[in-house]
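Counting in the working numbering, the sequence shown runs from 48 upward without gaps. Every residue gets a Cβ at the ideal spot worked out from N, C-alpha and C, and that includes glycine. Since we're looking at a predicted model, the values are computed, not measured. All remarks here apply to the structure that follows.
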Amino acid sequence: GVTLAVDFPNRAKAAALIGELEEMALAAGGRIYLAKDSLASGAMIATMYPELPEFQRIANNADKDHQFETDLTRRLNLRGAL
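Given below as structure tokens:
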């Protein structure tokens, strides 16, 4: 695969542009790099990562009490519903 990293200043116009770029990546079958993202939605990630339910099953089985969740996992609903 190929990775493209682009940094934008934290401005209102940048958020709209990033949203458009995320939609383009999705349409092209691409994915975003979760560790570098701060704007994606859980719905966007669920669409980009069809194996997410399997990850959720494994993670929730390994951490039944959700002791190791982060702001990222909560924002993107990476662990699924409690």
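Taking 8 Å as the cut-off, decide whether the C-beta atoms of L86 and L119 are in contact.
Numbered from 1 along the sequence shown, position 39 holds the residue referred to as residue 86. Numbered from 1 along the sequence shown, position 72 holds the residue referred to as residue 119. No. Outside cutoff.
G89 and L123 closer than 8 Å at C-beta
By 1-based counting over the sequence shown, the position of residue 89 is 42. By 1-based counting over the sequence shown, the position of residue 123 is 76. Yes, they are a contact pair.
Is it a yes or a no for the stretch 71-81 touching the stretch 103-111, going by three-plus beta-carbon pairs under 8 Å?
no
Among K60, A59 and I65, the one whose alpha carbon lies nearest that of V53
Translated into positions along the sequence shown, residue 53 becomes position 6. Nearest option by C-alpha distance: I65.
Proximity of Q103 and R126 at Cβ, strictly below 8 Å
Counting from one through the sequence shown, the residue named residue 103 turns up at place 56. Counting from one through the sequence shown, the residue named residue 126 turns up at place 79. Yes.
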